[in-house]
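Heads up: the sequence lines are chains A and B, in that order.
The C-terminal position of the first sequence is numbered 491 in our numbering, with every residue numbered one higher than the one before it.
The C-terminal position of the second sequence is numbered 491 in our numbering, with every residue numbered one higher than the one before it.
Using N, Cα and C, we set each Cβ at its ideal position, and we do this for glycine too.
All values reported here derive from a predicted model rather than from experimental measurement.
Structure first, commentary second.
There are 2 protein chains.
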Amino acid sequence: MPPEALTFAVTARDGKARAGKIETAHGSCETPAFMPCATKGAVKGIEPRELRVAGIEILLSNAYHLALRPGAEAVARRGGLHKFMSWDGPILTDSGGYQVCSLAARRTITDEGVTFQSHLDGATLKFTPERVVEIQEQIGSDILMPLDEPVPYPPDPRTARAALDRTHAWWRRSRATRGALFGILQGSVDRDLRREAAETVAATDPPGFALGGFSLGETPAQMYETVDYTVSLLPDPKPRYLMGVGMPEDITAAVRSGVDLFDCVLPTRLGRNGWAFTEDGLLKVRNSRYAQDDLPLDPACEGPCCRNYSRAYLRHCFNVEEMLGPRLLSMHNLYYYGRLMKRIRAAIRDGSLGAFQPWKNRRSP
Amino acid sequence: MPPEALTFAVTARDGKARAGKIETAHGSCETPAFMPCATKGAVKGIEPRELRVAGIEILLSNAYHLALRPGAEAVARRGGLHKFMSWDGPILTDSGGYQVCSLAARRTITDEGVTFQSHLDGATLKFTPERVVEIQEQIGSDILMPLDEPVPYPPDPRTARAALDRTHAWWRRSRATRGALFGILQGSVDRDLRREAAETVAATDPPGFALGGFSLGETPAQMYETVDYTVSLLPDPKPRYLMGVGMPEDITAAVRSGVDLFDCVLPTRLGRNGWAFTEDGLLKVRNSRYAQDDLPLDPACEGPCCRNYSRAYLRHCFNVEEMLGPRLLSMHNLYYYGRLMKRIRAAIRDGSLGAFQPWKNRRSP
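Laid out in structure tokens, this is it:
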């Protein structure tokens with residue numbers, strides 16, 4: 127991998143936490159960074175220019191979904207995913223490894239790779255370690271993920287062992303690329319497996335590390351502990367990405383352990399369903415208590431939704447099923463996450479991350 | 127009605143067509159103007175600030191729907207509809223008269239008024255001519271509509287006669303307001319009834335005239351002819367609003383007859399369903415021919431959708447059911463309508479409206 131494909135510089139530290147900057151061929155992002163999910167090439171209901179307003183600098187997309195529709199070659203012919211979706215910043219793509227779990231009923235795993243039955247027309251789709259890297263190259267991804275095999279919690283020990291061996295075998299087959307291909311560490315909540323994963327992958331000196339296999343049923347405490355342990359085994363100067371996590375307190379805890387990148391569907395999924403992130407916790411906007419509430423969703427927020435709309439109006443939009451409601455709450459939540467990461471980076475620079483509280487309430491929905 | 131509630135000035139003429147300006151307590155709009163439908167207090171999926179980008183200066187909302195949810199008093203307590211929905215321009219509200227037709231199975235008409243059975247919970251809602259004006263005052267509407275009784279085409283002559291008599295009886299009962307209450311002319315496609323309507327309503331000197339009872343099944347030719355005849359009977363210096371119309375060629379024809387205001391759900395409804403207005407006609411974006419088409423929806427359009435997204439990308443969004451697709455096409459179509467009205471106003475000022483063609487194709491879906 128040519129070193130120019132991705133650079134990472136740490137600019138401030140607070141304990142194990144670091145603030146820094148990732149540079150790619152499509153511009154840079156400050157870390158710790160949150161990546162909204164443009165799984166199929168669009169963040170649900172939100173335009174790229176609106177993501178910029180929310181302080182978002184890097185997106186996640188998904189090789190499996192784009193390979194299905196419109197097809198990796200089709201994206202390539204349109205000039206790549208950046209041009210196709212009109213986003214000029216960095217894009218990280220997941221490999222389809224997560225779909226090994228989420229589409230468990232529709233796939234077969236062999237040492238060769240994963241065979242999916244398309245959820246659209248039943249067609250057979252073969253994902254090999256080689257092919258998923260090729261797909262991401264065709265798409266024009268800035269940060270690529272190898273094919274991996276996460277296991278749901280609680281794992282059967284033999285299953286976790288076999289999945290880790292396969293993940294490492296696939297990793298060895300998947301490295302022939304000019305792109306910034308991160309190594310993925312699996313191993314569920316087993317410290318020995320996580321150590322083996324960290325050592326095996328670190329030995330190959332990838333440009334960054336992804337921590338996979340979380341948010342799959344384990345408790346927050348198990349996740350925090352395993353993340354902290356795993357990150358402690360990684361070489362310092364490479365970016366670390368905690369896949370599919372998560373709630374503000376999860377992100378805060380992982381940043382304290384030294385994680386730099388996050389993605390999660392929660393801000394848009396919860397927004398579409400009427401939940402707003404605020405400094406006081408999650409607000410259920412459909413609640414009738416807000417019918418006469420002229421405050422913005424979060425009085426501490428200066429985003430476009432909170433500057434223009436009251437809780438009463440947003441509740442009304444959900445109440446009468448106006449699509450503006452899901453859209454405005456998705457935007458608000460992305461703005462919340464953009465601001466959360468800014469606050470976290472500022473706390474690292476100030477040396478105050480230890481006392482940092484993302485919000486007053488604990489996890490809700 | 128105090129004369130300061132609404133002023134209308136004609137600034138240019140081309141045949142019977144006029145360009146002008148309506149001033150209200152919430153700012154002005156240039157005419158001929160198109161009003162997007164914010165039926166329930168939101169243009170579907172689109173923010174007010176985006177309407178401004180599309181060149182939209184005036185909105186339509188609906189007293190019936192807002193009276194149901196959140197209730198007229200609730201809107202009043204929130205500071206009125208403008209503040210509630212964050213739109214600072216003029217708002218015209220329909221009375222619920224249209225729902226006399228569209229919700230025919232759920233209402234009973236008597237001389238007293240219309241009783242609706244709520245489509246939500248079966249509750250009985252009584253709309254009298256007095257009450258619908260009061261609702262619109264509570265909402266804070268800039269241009270109010272009286273309760274009326276449109277009849278679907280083809281009308282039974284006795285039904286049309288009775289509906290017109292009732293519309294006029296309701297009109298006489300509904301005028302005690304300080305707001306700009308337009309008179310509504312009914313009479314289906316019957317010239318005698320339309321003449322009677324024009325004379326009856328004009329005799330009361332309202333601040334403007336609404337032409338109701340169109341787009342209810344009659345042919346375009348019947349509509350054009352009846353509109354042209356009816357407008358010819360109206361006093362010149364008052365604004366004229368053709369309710370619920372329509373396609374670009376319908377608007378162009380009605381402007382040529384001297385109509386100043388239009389509303390229609392088509393730009394957003396067709397947009398949500400994957401149809402884009404272009405200078406070449408309606409484009410069905412789901413069509414597989416666009417899968418590899420890098421052109422914008424309308425190469426002649428400089429709106430935000432056409433500047434940023436290709437037909438191939440928009441087709442992909444519809445194909446994978448991303449909500450960004452309906453939203454972007456709705457925005458594009460509203461931009462098309464905003465630009466259409468600008469082009470029409472320019473043609474009137476140039477004296478070239480006779481040769482004006484809104485688009486190359488004829489009506490489609």
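Nearest-angstrom Cβ-Cβ length linking residue i and residue j, presumed shorter than 8 Å
{"i": "A:P484", "j": "A:E322", "result": "Not quite, the Cβ-Cβ distance comes to about 32 Å (not below 8 Å), so this is no contact."}
{"i": "A:T500", "j": "A:D268", "result": "It is not possible to answer for residue 500 of chain A, since the shown part of chain A is limited to 127 through 491."}
{"i": "A:Y462", "j": "A:P393", "result": "7 Å"}
{"i": "A:W297", "j": "A:P280", "result": "With 8 Å as the limit, A:W297 and A:P280 do not qualify as a contact, their Cβ atoms being about 24 Å apart."}
{"i": "B:C227", "j": "B:P278", "result": "6 Å"}
{"i": "B:A189", "j": "B:I261", "result": "5 Å"}
{"i": "B:N208", "j": "B:H152", "result": "In the sequence on display, residue 208 of chain B carries His and not Asn. At roughly 6 Å, the Cβ-Cβ gap stays under 8 Å, so B:H208 and B:H152 are in contact."}
{"i": "B:T326", "j": "B:I470", "result": "The pair is not a contact, with the Cβ atoms about 30 Å apart (cut-off 8 Å)."}
{"i": "A:A286", "j": "A:D237", "result": "The Cβ separation is near 17 Å, so there is no contact."}
N-terminal and C-terminal residue of the beta strand (DSSP E) that residue i is part of
{"i": "B:N188", "result": "185-188"}
{"i": "B:C155", "result": "153-157"}
{"i": "A:W401", "result": "401-404"}
{"i": "A:T219", "result": "217-220"}
{"i": "B:F335", "result": "335-337"}
{"i": "B:I235", "result": "233-235"}
{"i": "B:L409", "result": "407-410"}
Residue span of the alpha helix (DSSP H) that contains residue i, given as start and end
{"i": "A:R139", "result": "No alpha helix (DSSP H) contains A:R139, which is instead part of the beta strand (DSSP E) from 132-140."}
{"i": "B:Q264", "result": "255-265"}
{"i": "B:Q348", "result": "346-358"}
{"i": "B:K468", "result": "450-476"}
{"i": "B:E199", "result": "198-203"}
{"i": "A:V179", "result": "174-179"}
{"i": "B:L440", "result": "437-445"}
{"i": "B:R433", "result": "430-434"}
{"i": "B:I182", "result": "Careful: B:I182 lies outside any alpha helix (DSSP H) and carries neither H nor E."}
{"i": "A:E322", "result": "317-328"}
{"i": "B:D291", "result": "283-299"}
{"i": "A:R415", "result": "Unbroken run through A:R415: none, as it is neither H nor E."}
{"i": "A:E375", "result": "374-383"}
{"i": "A:F210", "result": "207-211"}
Proximity of residue i and residue j at Cβ, strictly below 9 Å
{"i": "A:V169", "j": "A:S456", "result": "yes"}
{"i": "A:R382", "j": "A:K142", "result": "yes"}
{"i": "A:M467", "j": "A:G181", "result": "yes"}
{"i": "A:N399", "j": "A:P452", "result": "yes"}
{"i": "B:D274", "j": "B:S221", "result": "yes"}
{"i": "B:P162", "j": "B:L460", "result": "yes"}
{"i": "B:P158", "j": "B:A138", "result": "no"}
{"i": "A:N413", "j": "A:R441", "result": "yes"}
{"i": "B:L360", "j": "B:D140", "result": "no"}
{"i": "A:I265", "j": "A:G206", "result": "yes"}
{"i": "B:T356", "j": "B:A329", "result": "no"}
{"i": "A:E173", "j": "B:L454", "result": "yes"}
{"i": "A:A131", "j": "A:K147", "result": "no"}
{"i": "A:M449", "j": "A:G171", "result": "yes"}
{"i": "B:F308", "j": "B:L270", "result": "yes"}
{"i": "A:G384", "j": "A:F160", "result": "no"}
{"i": "B:Y439", "j": "B:L218", "result": "no"}
{"i": "A:G397", "j": "A:P365", "result": "no"}
{"i": "B:V411", "j": "B:R437", "result": "yes"}
{"i": "B:T254", "j": "B:R299", "result": "yes"}
Counterpart residues of residue i in DSSP-defined beta bridges
{"i": "A:D389", "result": "A:M161"}
{"i": "B:L270", "result": "B:T219, B:L307"}
{"i": "A:R144", "result": "A:R139"}
{"i": "A:F242", "result": "A:R233, A:L251"}
{"i": "A:R366", "result": "A:F335"}
{"i": "A:V169", "result": "A:I172"}
{"i": "B:T150", "result": "B:L132, B:G153"}
Distance cut-off 8 Å: residue i Cβ against heavy atoms of the ligand HEM
{"i": "B:G313", "result": "Annotation note on the ligand HEM: not contained in the displayed structure, which lists no ligands."}
Next item on the list: State whether the stretch 309-328 of chain B contacts the stretch 337-356 of chain B, with contact taken as three or more CB pairs (one from each stretch) at a distance under 8 Å.
Entry: yes
Item checked: Touching by the beta-carbon criterion (3+ pairs, under 8 Å), the stretch 206-217 of chain A and the stretch 182-189 of chain A -> yes
Checklist line | Three or more C-beta pairs below 8 Å linking the stretch 414-425 of chain A and the stretch 188-196 of chain A | finding: Between the stretch 414-425 of chain A and the stretch 188-196 of chain A, the count of Cβ pairs shorter than 8 Å is below three; the stretches do not touch.
Next item on the list: Assess, as a yes-or-no matter, whether the stretch 399-407 of chain A is touched by the stretch 426-445 of chain A under the definition of 3 or more beta carbon pairs within less than 8 Å.
Entry: yes
Item checked: Segment contact flag, the stretch 350-357 of chain B with the stretch 294-307 of chain B, C-beta cutoff 8 Å, min 3 pairs -> Contact fails: fewer than three Cβ-Cβ distances are below 8 Å.
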